[in-house]
Amino acid sequence: MEQRRKILPGERVCQICGKDEHTTEIVPAVLVRPAVAKIIKEKYPEWSSEWFICMDDLNHYRNEYVRTLLELERGELSSIEQEVVDSLRTHELLASHVTEEFESHLTFGQRLSDRIASFGGSWKFIMIFAGVLCVWMFINTVILIKKPFDPYPFILLNLVLSCLAAIQAPIIMMSQNRQEAKDRLRATHDYKINLKAELEIRQLHQKIDHVLSHQWERLVEIQEIQLDLIEEIRKYRSKELVPIKPESSAR
Ligand SMILES: [Zn+2]
């Protein structure tokens, strides 16, 4: 263990397994990718850029690096899934029928005033009212011309109309107040839903950013290592082909 680290100047020996350049291919440490070097440094804290490493050890650490990257990726993905599940469980659906809920809490009087207000503001009411007025006037001017209960200029009709107006005004006001309360409730509810949507969108943004930056970065790193390996395979093949050529020509 100790003797392999004391190497003669100019000698190229793998400081990890002790093999020299006659038995295997040796690579200087400066050519090792920083990310892979970090993994080696975890096991060999004395690792420096002056070291040499054999191809077998380098490939072993490359594999380890790719494996840790993939495992990290899997861990992060499952943590994101967990987040989604949590958010689904804790933030239950906010959307609800505000109007129905509001109306289910109304008293009989409030509901009656709403009905009257909506009837008082309809064409049906105006038609019926005009009809009643005409009939009243017709009875008192034509049918009961001898002894009308409300002779011209219809003072009793005037009184009835003023009473109706006096009662209808507060009823309409009550109904309007309630409408306002309902609108306020709906506005609060809409605000809550908007806020939730905004937060969800922000969360989605974060997830997409994560996929774009982290995962892409890692894929590129893995691809770089694959390119290194392909380059080495190409070198080995060209080396192997060189000695074969004279052999085949000699035959
Ligand atoms: Zn080695």
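In the numbering used here, the protein residues as written are 1 to 251. Cβ atoms here follow ideal geometry from the backbone N, Cα and C, with glycine treated the same way. Nothing here was measured: the structure is a model prediction, and the numbers come from that model.
Own chain partners of residue i with C-beta closer than 6 Å, once the 5 adjacent residues on each side are dropped
i, result
"residue 62", "36, 225"
"residue 19", "54"
"residue 231", "none"
"residue 239", "none"
"residue 11", "none"
Contact with chain C by residue i, beta-carbon distance below 9 Å
i, result
"residue 82", "Any reference to chain C falls outside this structure, which holds one protein chain only."
Local Cβ density within 10 Å of residue i, reported as buried at 16 or more and exposed below that
i, result
"residue 40", "buried"
"residue 158", "exposed"
"residue 152", "exposed"
"residue 51", "buried"
"residue 236", "exposed"
"residue 13", "buried"
"residue 30", "exposed"
"residue 216", "exposed"
"residue 32", "buried"
"residue 123", "exposed"
"residue 268", "No answer is possible for residue 268: the residues shown for the chain start at 1 and end at 251."
"residue 113", "buried"
"residue 234", "exposed"
Residue i: first and last residue of the uninterrupted alpha helix (DSSP H) it sits in
i, result
"residue 132", "123–138"
"residue 171", "155–210"
"residue 28", "No alpha helix (DSSP H) holds residue 28; the beta strand (DSSP E) holding it covers 26–28."
"residue 110", "108–120"
"residue 99", "98–104"
"residue 40", "34–43"
Own chain, CB closer than 8 Å to residue i, minus 5 neighbours either side, in chain order
i, result
"residue 25", "54, 55"
"residue 16", "40, 44, 53, 54, 57"
"residue 110", "174, 178"
"residue 102", "181, 182, 185"
"residue 150", "136, 140, 156, 157"
"residue 248", "Since pLDDT at residue 248 reaches only 47, below the 50 mark, its modelled position is unreliable, and no value is offered."
"residue 120", "168, 171, 172"
Run of the beta strand (DSSP E) containing residue i, from where it starts to where it stops
i, result
"residue 53", "52–54"
"residue 143", "No beta strand (DSSP E) holds residue 143; DSSP gives it neither H nor E."
Cutoff 7 Å; reference residue i; Cβ partners in own chain excluding five residues on either side
i, result
"residue 218", "69, 73"
"residue 100", "none"
"residue 98", "185, 186, 189"
"residue 117", "171, 172, 175"
"residue 221", "35, 69"
"residue 64", "39"
"residue 21", "12"
Checklist entry - Do three or more CB pairs link the stretch 168–180 to the stretch 131–148 at distances below 8 Å? => result no
Checklist entry - If we count Cβ pairs, one from each stretch, closer than 8 Å, do we get three or more for the stretch 125–132 versus the stretch 193–204? => result no
Item to check | Touch test, the stretch 187–202 against the stretch 132–144, Cβ-Cβ under 8 Å, three pairs minimum | outcome: no
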